[in-house]
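Enquirer: Once you've had a glance at the structure underneath, I'll fire off some questions.
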Amino acid sequence: MSQSLEITGKLTSTWFVQEGFAAIFSVQSQHSRQQPLFIMPQGSIIFGLPVCEELCVRARAIGSSRVTPINFAEADPSLGILPKPRQQWLEVLAQQMYVRPELVHPHPSGYAFAPQLPIELGPGEVFRLPLESCYWVMVLAGEVYFQGNVQIPAGSLFPLTMYSWVLAKTAATLTLEPFLEYPHQLTSPQMTGWHWFGEQYLAWLIAAVQAQTVQEFAKIATYETNHRQTLENAYGQFDNVLVKRTLGSSQANPLNVALHRLGKIAGLEFSGNLKLDTFNLSLSDQIQAIARASRIRVRRVQLVGQWWRQDSGVMLGVMAETGIPIVLTPQNNHSYTVFNSATQLTLPILDFKPSQLEPSAYVFTRPLARRLQGAWNLVRFALHRRWHLLGLVLLIALVMQVLLVIIPAQLYHILIDQAIPAANYTLLTQLGIGLFASVIAVAFFQFLQGMIILQVETWAEFDTQAAVWDRVLELPANFFRNYSTGGLTNRIFSVTEMRKLLTGSTLQAVITGLVSLGNLGMMFYLDSTLTWIAIGLMTVIVLVTFLHAWFILNIYEKMRQLTGNLYGMVVQLMTAAKTLQVTGAVPRAFLNWSSLYSQQQQLTLASQTWGDSLQLFNQGATLTSTAILFGVIGFTVESGELSTGNFVGFNTLYTNFFQNATHFAYALIGLLPVVSLWRQVEPILQTPLEVSPQSYDPGQLQGAVQVVQVCYRYQPDAPLTLNQINLEARPGEFIALVGPSGSGKSTLFRLLLGFDQPETGGIFYDGQELSQLDLPLVRRQIGLVLQHSRLLPGSIFENIACGETISRDQAWEVLEQANLAKEVSELPMQLETRISEGGGNFSGGQIQRLLIARALAHNPKILLFDEATSALDNQTQALITATLNQLQITRIIVAHRLSTIRQAQRIYVLEQGQILQVGTFEELVSQPGLFANLARRQLV
9 MSQSLEITGK LTSTWFVQEG FAAIFSVQSQ HSRQQPLFIM PQGSIIFGLP
59 VCEELCVRAR AIGSSRVTPI NFAEADPSLG ILPKPRQQWL EVLAQQMYVR
109 PELVHPHPSG YAFAPQLPIE LGPGEVFRLP LESCYWVMVL AGEVYFQGNV
159 QIPAGSLFPL TMYSWVLAKT AATLTLEPFL EYPHQLTSPQ MTGWHWFGEQ
209 YLAWLIAAVQ AQTVQEFAKI ATYETNHRQT LENAYGQFDN VLVKRTLGSS
259 QANPLNVALH RLGKIAGLEF SGNLKLDTFN LSLSDQIQAI ARASRIRVRR
309 VQLVGQWWRQ DSGVMLGVMA ETGIPIVLTP QNNHSYTVFN SATQLTLPIL
359 DFKPSQLEPS AYVFTRPLAR RLQGAWNLVR FALHRRWHLL GLVLLIALVM
409 QVLLVIIPAQ LYHILIDQAI PAANYTLLTQ LGIGLFASVI AVAFFQFLQG
459 MIILQVETWA EFDTQAAVWD RVLELPANFF RNYSTGGLTN RIFSVTEMRK
509 LLTGSTLQAV ITGLVSLGNL GMMFYLDSTL TWIAIGLMTV IVLVTFLHAW
559 FILNIYEKMR QLTGNLYGMV VQLMTAAKTL QVTGAVPRAF LNWSSLYSQQ
609 QQLTLASQTW GDSLQLFNQG ATLTSTAILF GVIGFTVESG ELSTGNFVGF
659 NTLYTNFFQN ATHFAYALIG LLPVVSLWRQ VEPILQTPLE VSPQSYDPGQ
709 LQGAVQVVQV CYRYQPDAPL TLNQINLEAR PGEFIALVGP SGSGKSTLFR
759 LLLGFDQPET GGIFYDGQEL SQLDLPLVRR QIGLVLQHSR LLPGSIFENI
809 ACGETISRDQ AWEVLEQANL AKEVSELPMQ LETRISEGGG NFSGGQIQRL
859 LIARALAHNP KILLFDEATS ALDNQTQALI TATLNQLQIT RIIVAHRLST
909 IRQAQRIYVL EQGQILQVGT FEELVSQPGL FANLARRQLV
């Protein structure tokens, strides 16, 4: 089937997914817009739905899959129809309609499952079925509502699955009938209930589509509102010429007002289209949500002591009593101002008592551009909102040039031509005082210039390092496969080195060199001939300097690459020190290191040789150029064209010009490594980020996972690591992956986490393709324990929270679920017990249980375990498994110990990247094959 087929209005029709997968989607009749719903795997039956005028539901085969019509009543079981096809179809529909009872009824009370007896429900009681069960239900008495919002007709049958539930508004009585599967046919009452269930699904689907349409129109309305507001703000700028106003509406959300103000100060752009106040989120959760939507990293800091005495950057604070967001902005006088987002007034921090502010605040990291082009853009980023300081440095350099060169040159002229010949002691004293005052002023301005440059460098370093590490954390996982740990670290710190070259003392030398060009004007005023000679001499010196620089740059390029390789080797050798000692490979490791180190030293020696040659040349050039000028000046003085005073002034100007020009040349030479450094950091700054602007929020996952026709290989010319992988995990299911080493289990986990992208096929979470989703938001809803997961140095509580905000009660709860609470409670410091590097003060079983507690801490909908219980005894493992069964979490587990997966609802057996067998434990043990062989070895 290449074209889609409509399944609405064909209640008695059925279709068989013969090969591959079928995508089910809805189409609005008016707009012909497709909305993906879910996917049906190979062997499943697609059942028709009732008539619907508002929209239609269609099915389409994915890729080379095949979907064919079938007479379900007369279908041959040998076709490969999956067990319980009707129940599977109902569960898929119910799964989409599922809503937690707590969202409908404040405090629903459950009811014990007893299918053999009439079920008596009291007002407010909820009835639901256990996993893997499906029954026909009839309401004998009372008012009972399906999913809490649709009343069920009394006396009629309707199907109920594990994803459905009913709520009794009054005292009610229910009865259950077994749900007989194929080849049994539906009775007339059952067919009526089947039809009723389909109508409820279509009604839900219509409401969902309408809600999405309303949301899209709301986005358009929001855009138009923002557009009008932008124009109003633009026109309002004319009013601001006479009347100072604060941008923003008094009716606006205080958090949005505060973030708008903070963004203007810090150069951040926050997403303003989120209506988070309708979700009843805490202020902290709203801040986190806006930061995630804006792709801006945020961290929480503590305000301790006299924190306002130090410049910590602009922060978002909170008023203690009212909870109103405030903007804390540093001032030049070692203080802060407080902008109240409710009143839109700005007051000094000293007008507030410490108790009026929450003891914590939020700091936002300004991110780099998605693809940074050229080193100049890095300079612009580092100097954001600090260009005025560079202007001040330039102004100070001009003042210093006047005080240090131009004024002294004139004073020397007056001293030699007037004061000394006339023996004017008064004028001589005045000139001495003037020179002394000039020296003192220059010293003060040099100190001021140095402090300003230090401040610029400090903040540029802070912003750049934070932004670079933020970018590294946003890069796709496969990026790190191409670099060693040491090599990547060297590249990251190359950004800092490049930034220092562009914004540090080199920048000061460049500014001073440019300012010294003003000396040429005075030199031309005194003697144009000598000035042209001086320019010619400086041109020769600069050309020779740059010739040396070219050789030095080539050496530096080789040294840069070699240093990265050497640094990477050192990190690897330090990591594998114990292994090298055990295997006796220390001499060979030392030989490899010494080979690279000797090459590095040879290049260092060559670079120093060229540098010494350049320094020797410049020293000789200084004396030679001065001698040439003295010879020319001698002839000029004899002819009476240049007085002695003017000669001394010209010499002062030339000496300063020569020094500054030399420093300027050296500064430009110092900038030459930027080319090499940029090549080092270019992969970090230009690699596309993991999350694209088109990625969207997956919402709250229910736990459905589907892998459809996935093929994957690590290199384009390598063999397939995964070949045509198809698997499915429904919400709350426990499935397992089994196979020998190298069969592709861990690779499949990497694909499920979005670390790599499949070559063909797709991975779906709740019917949404993973490649289109915001991967960090997906991973936040997945609990993960890998085979080589490690604990972090810190306390037990810090390892469980792992940087997120959870309470200590939540920490104890997940420790109880991991069967570790008793052991932790017996420790003297309990949750504050420190964990050493690598967890050496805990046993292997305790480490694994603590990792499981960490995975459960944030209420994930999906758990991925890769040998997560290999160090646990059978009793502890059974207790943890029983706890996880009660949590209704989708579990995908890789295990070699078969007792771990005995209760799995489906086991996928992999070998050489292909799925060979699928079934329950009992089914696979009874079949000849790889799983039976594995079981035979362990069960002997």
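Residue numbers for the sequence shown follow our numbering, so the first one is 9 and each next one is one higher. Positions of the beta carbon are idealized from the N, C-alpha and C atoms, including for glycine. Nothing here was measured: the structure is a model prediction, and the numbers come from that model.
Beta strand (DSSP E) containing Gly769: first to last residue?
Expert: Position 761 of the sequence shown, counting from 1, holds the residue named residue 769. That run of the beta strand (DSSP E) goes Thr768 to Tyr773.
Enquirer: On the DSSP bridge assignment, give the partners of Met48 in chain order.
Expert: As a working mapping, residue 48 is identified with position 40 in the sequence shown. Partner(s): Ala30.
Enquirer: Cα separation between Glu911 and Glu930?
Expert: The sequence position of residue 911 within the sequence shown is 903, counting from 1. The sequence position of residue 930 within the sequence shown is 922, counting from 1. In the sequence on display, residue 911 carries Gln and not Glu. So the two alpha carbons sit approximately 10 Å from each other.
Enquirer: Are the Cβ atoms of Gln791 and Ala890 separated by less than 7 Å?
Expert: Numbered from 1 along the sequence shown, position 783 holds the residue referred to as residue 791. Numbered from 1 along the sequence shown, position 882 holds the residue referred to as residue 890. As written in the sequence, residue 791 is Gly, which differs from the Gln given in the question. No, Cβ-Cβ distance for Gly791 and Ala890 is not below 7 Å.
Enquirer: Could you tell me the alpha carbon to alpha carbon distance between Gly206 and Leu165, rounded to whole angstroms?
Expert: On the sequence shown, residue 206 is found 198 positions in, with the first residue counted as 1. On the sequence shown, residue 165 is found 157 positions in, with the first residue counted as 1. Cα-Cα distance, rounded: 13 Å.
Enquirer: Within the stretch 525 to 573, note down every full alpha helix (DSSP H) run reaching 4 residues or more, in order along the chain.
Expert: Taking only runs of at least 4 residues, the alpha helix (DSSP H) segments lying wholly in the stretch 525 to 573 are 526 to 534.
Enquirer: With a floor of 4 residues, list each alpha helix (DSSP H) that falls wholly inside the stretch 716 to 797, ordered by position along the chain.
Expert: Listed in chain order, they are 753 to 760 and 783 to 787.
Enquirer: Please report the Cβ distance between Gly752 and Leu932, rounded to the nearest whole angstrom; I am assuming they are in contact, meaning their Cβ atoms lie under 8 Å.
Expert: Within the sequence shown, numbered from 1, the residue matching residue 752 stands at position 744. Within the sequence shown, numbered from 1, the residue matching residue 932 stands at position 924. So it is not a contact: roughly 18 Å between Cβ atoms.
Enquirer: Whole alpha helix (DSSP H) runs in the stretch 574 to 648 with 4 or more residues, listed along the chain?
Expert: As far as the stretch 574 to 648 is concerned, its whole alpha helix (DSSP H) runs of at least 4 residues are 585 to 591 and 594 to 646.
Enquirer: Can you find the residues in the same chain that come closer than 7 Å, C-beta to C-beta, to Leu828, ignoring five residues on each side of it along the sequence?
Expert: By one-based count along the sequence shown, residue 828 stands at place 820. Result list for Leu828: Gln854, Arg857, Leu858 and Ala861, in chain order.
Enquirer: Does DSSP classify Gly442 as helix, strand or coil?
Expert: Here the question's residue 442 lines up with position 434 in the sequence shown. If DSSP states are grouped into helix, strand and coil, Gly442 belongs with the helices.
Enquirer: Where does Phe939 sit, in a helix, a strand or coil, going by DSSP?
Expert: For this step, residue 939 is matched to residue 931 along the sequence shown. DSSP places Phe939 in helix when its eight states are reduced to three.
Enquirer: CA-CA distance, Gly495 and Ser684?
Expert: Residue 495 sits at position 487 when you count from the first residue of the sequence shown. Residue 684 sits at position 676 when you count from the first residue of the sequence shown. Using only the alpha carbons, I get a separation of about 15 Å.
Enquirer: Here's the rule I'm using: 16 or more other beta-carbon atoms within 10 Å means buried, otherwise exposed. How should Lys227 be labelled?
Expert: Start at 1 with the first residue of the sequence shown, and residue 227 comes out as number 219. Any answer about Lys227 is weak, because its pLDDT of 47 lies below 50 and its placement is not dependable; what the coordinates show is given next. By the 10 Å Cβ count, Lys227 comes out exposed.
Enquirer: Tell me, which residues are paired with Arg66 by DSSP?
Expert: To locate residue 66, count along the sequence shown from 1; it is residue 58. DSSP lists Glu14 and Phe33 as partners of Arg66.
Enquirer: Which first and last residues belong to the alpha helix (DSSP H) in which Gly269 is found?
Expert: As a first step, residue 269 must be located in the sequence shown, where it is residue number 261. Note that residue 269 corresponds to Arg in the displayed sequence, not to Gly. Segment Pro262 to Ala274, the alpha helix (DSSP H) holding Arg269.
Enquirer: Can you grab the Cα-Cα spacing for the pair Ser621 / Gly592, in whole Å?
Expert: Here residue 621 corresponds to residue number 613 of the sequence shown, with the count starting at 1. Here residue 592 corresponds to residue number 584 of the sequence shown, with the count starting at 1. Each residue's Cα considered, the two are about 45 Å apart.
Enquirer: Quick test of the definition: if touching needs 3 or more C-beta pairs under 8 Å, does the stretch 702 to 721 touch the stretch 579 to 599?
Expert: Not touching, per the Cβ criterion.
Enquirer: For a quick check, are the C-beta atoms of Val715 and Leu730 less than 7 Å apart?
Expert: By one-based count along the sequence shown, residue 715 stands at place 707. By one-based count along the sequence shown, residue 730 stands at place 722. Contact: no.
Enquirer: Pick from Leu188, Ala102 and Leu210: whose alpha carbon is nearest that of Ile174?
Expert: Within the sequence shown, residue 174 is the residue found at index 166, counting from 1. Correcting the residue type first, residue 174 is Val in the shown sequence and not Ile. Of the listed residues, the one whose Cα sits closest to Val174 is Ala102.
Enquirer: Using DSSP bridges, identify the partner residues of Pro186.
Expert: Residue 186 sits at position 178 when you count from the first residue of the sequence shown. Answer is Tyr143, bridged to Pro186.
Enquirer: Alpha carbon to alpha carbon, how far is Val656 from Gln426? Give it in angstroms, no decimals.
Expert: Here residue 426 refers to the residue found at position 418 when the sequence shown is read from its first residue. Here residue 656 refers to the residue found at position 648 when the sequence shown is read from its first residue. Their backbone Cα atoms lie some 13 Å apart in a straight line.
Enquirer: Can the beta-carbon of Pro484 be found less than 7 Å from the beta-carbon of Ala350?
Expert: Start at 1 with the first residue of the sequence shown, and residue 484 comes out as number 476. Start at 1 with the first residue of the sequence shown, and residue 350 comes out as number 342. No, these two residues do not count as a Cβ contact at 7 Å.
Enquirer: Taking the alpha carbon of Thr466 as the point to measure from, which residue in Thr434, Val447 and Lys508 has its own alpha carbon closest?
Expert: In the sequence shown, residue 466 corresponds to position 458, counting from 1. The shortest Cα separation from Thr466 among Thr434, Val447 and Lys508 belongs to Lys508.
Enquirer: Which runs of the alpha helix (DSSP H) fall wholly inside the stretch 334 to 368 and span at least 4 residues, in chain order?
Expert: Qualifying alpha helix (DSSP H) stretches: none in this window.
Enquirer: DSSP puts Leu175 in a beta bridge; with which residues?
Expert: As a working mapping, residue 175 is identified with position 167 in the sequence shown. The partner list for Leu175 (beta bridge, DSSP) reads Val134 and Tyr153.
Enquirer: Ignore the nearest five residues each way along the sequence and tell me which others in Gln7's own chain have a CB closer than 7 Å to its CB.
Expert: As displayed, the chain neither begins before 9 nor continues past 948, which places residue 7 out of reach and without an answer.
Enquirer: Short check: CB of Val713 to CB of Ala744, under 7 Å?
Expert: To locate residue 713, count along the sequence shown from 1; it is residue 705. To locate residue 744, count along the sequence shown from 1; it is residue 736. Taking 7 Å as the Cβ cut-off, Val713 and Ala744 do not qualify as a contacting pair.
Enquirer: Based on the DSSP secondary-structure assignment, which residues constitute the bridge partners of Ile901?
Expert: Mapped onto the sequence shown, residue 901 falls at position 893. According to DSSP, which records beta bridges pairwise, Ile901 is partnered with Ala744 and Phe873.
Enquirer: Decide if Leu370 is buried, meaning its Cβ has at least 16 other Cβ atoms within 10 Å, or exposed.
Expert: In the sequence shown, the residue the question calls residue 370 occupies position 362. At residue 370 the sequence reads Tyr, which differs from the Leu that was named. So Tyr370 counts as buried.
Enquirer: Near Glu277, which residues of its chain fall below 7 Å by C-beta distance, leaving aside the five closest residues on each side in sequence?
Expert: The count along the sequence shown starts at 1 and reaches residue 277 at position 269. Closer than 7 Å at Cβ, skipping near neighbours: Gly271 and Ser302.
Enquirer: Our contact map puts Leu213 next to Ser34 with C-beta atoms below 8 Å; I'd like the distance itself, whole angstroms only.
Expert: The sequence position of residue 213 within the sequence shown is 205, counting from 1. The sequence position of residue 34 within the sequence shown is 26, counting from 1. Indeed they touch by this definition, with Cβ atoms about 6 Å apart.
Enquirer: Taking the straight line between their C-alpha atoms, what separation do you get for Leu781 and Gly762?
Expert: Within the sequence shown, numbered from 1, the residue matching residue 781 stands at position 773. Within the sequence shown, numbered from 1, the residue matching residue 762 stands at position 754. Cα to Cα, the separation comes out at about 10 Å.
Enquirer: Does the distance from the CB of Leu661 to the CB of Met530 come in under 7 Å?
Expert: Within the sequence shown, numbered from 1, the residue matching residue 661 stands at position 653. Within the sequence shown, numbered from 1, the residue matching residue 530 stands at position 522. Cβ atoms of Leu661 and Met530: closer than 7 Å.
Enquirer: In terms of alpha-carbon separation, which member of Leu599, Gly56, Pro681 and Ile870 lies closest to Val786?
Expert: Here residue 786 corresponds to residue number 778 of the sequence shown, with the count starting at 1. It is Ile870.
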